[in-house]
Amino acid sequence: MVELKESPNLGLLFPKAVLAGFTKKGGGPLPERDYVRTGVSVDPAHLADYNRVCEFRLTDELPATYPHMLTFPMQVKLMTDSDFPFPLVGSVHIANRITQTRSLRVDEKFDLRVHVENLREHPKGRQFDMISEASIGGEVIWHDVSTYLNRGGGSGKSEPNGDRSELPEPTSVWKVPEDIGRRYAEVSGDRNPIHLHPLSAKLFGFPRAIAHGMWTKARCLAAFEGRLPDAYTVDVRFKLPVLLPAKVGFAATPVGAGWKFDLVNARKPQPHLEGTITASPKF
1 MVELKESPNL GLLFPKAVLA GFTKKGGGPL PERDYVRTGV SVDPAHLADY NRVCEFRLTD
61 ELPATYPHML TFPMQVKLMT DSDFPFPLVG SVHIANRITQ TRSLRVDEKF DLRVHVENLR
121 EHPKGRQFDM ISEASIGGEV IWHDVSTYLN RGGGSGKSEP NGDRSELPEP TSVWKVPEDI
181 GRRYAEVSGD RNPIHLHPLS AKLFGFPRAI AHGMWTKARC LAAFEGRLPD AYTVDVRFKL
241 PVLLPAKVGF AATPVGAGWK FDLVNARKPQ PHLEGTITAS PKF
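Residue 187 in full-length UniProt numbering sits at position 187 of the sequence shown, and the numbers go up by one each step.
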């Protein structure tokens, strides 16, 4: 376990990540190392900026996706360490599951912990889980699992993934502006070049810049404000990227005490994200 006195500097780590994307080939075990920070406070101004970009209301409660902002620099530090076997740039964020056991408030201080685990095969390569936690007084109250895929040399076997056979009819349509990648990068620090500009995105095989997956998740979660319990799990799988600018369709359906929801291309039948929200008092 390694304690960090301050949040890692993403301005230094992302250039390192870009260079590693051209040199790291993948392979080897995951590092058995935890990064921790203690007594971390939330900057109310930063929270307000995040809420505006993701279209949450301005309140003293943290959206369930917000603590990801606090742990993301620690994730990047771990993924850019020399012993991490896969490059950050080029690793695809394919799923994210967040559980909170109660509402989190802006005036609370959190202890943060990040580690990586569960290296396993995927039909298109190898996947692993970045685990982030926020705790107060030794009790974990927020838990985040970000699953990444490193492409190449996969098992070739299809895995059951519960894909929905038909895309739902959107209940609302959102316009996603061309600059949302840059705006979200300002608040998240995630300046991966695939999100910033068409030219930099083309270097990594995208025709245009793409929206951050965690922005699409947060934007969907914002649509449920006022309808969520204090304790819940929001679990999503990222499908096809949102090429910017875009027009997307959002659909939500009640399922028992929870919801299932989808984000789709509003112009043609393509899925961008599918997810569920379930009441979840425990991890």
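Beta carbons: idealized from backbone N, C-alpha and C, even for Gly.
Within the segment 117-159, the complete beta strand (DSSP E) runs of at least 3 residues fall at 125-136, 139-151. Distances from the CA of ARG237 to each of SER146, ALA45, ALA279, SER7 were compared; the closest alpha carbon is that of SER146.
Residue environment for ARG219: buried (at least 16 other C-beta atoms within 10 angstroms of its C-beta). The three-state secondary structure of PRO271, taken from DSSP, is strand. Rounded to the nearest whole angstrom, the C-alpha separation of SER188 and TYR66 is 9 Å. When GLY181, PHE86, GLU121, PHE261 are compared, the shortest CA-CA separation from GLU169 is found for PHE261. Looking from the CA of THR278, the closest CA among ASN150, HIS115, THR99 belongs to THR99. Only buried fits GLY213, as 16 or more other CB atoms lie within 10 angstroms of its CB.
DSSP, reduced to helix, strand and coil, places VAL187 within a helical segment of the structure shown. Taking C-beta atoms as the reference points, TYR35 and LYS77 count as a pair closer than 8 Å. Note that the segment 119-127 does not touch the segment 99-108; fewer than 3 beta-carbon pairs, one per stretch, sit closer than 8 Å. Residue pairing by DSSP places TYR50 opposite no residue, since no beta bridge is assigned to it. Closest in alpha carbon position to ALA17, among PRO85, ALA209, ASP129, VAL114, is PRO85.
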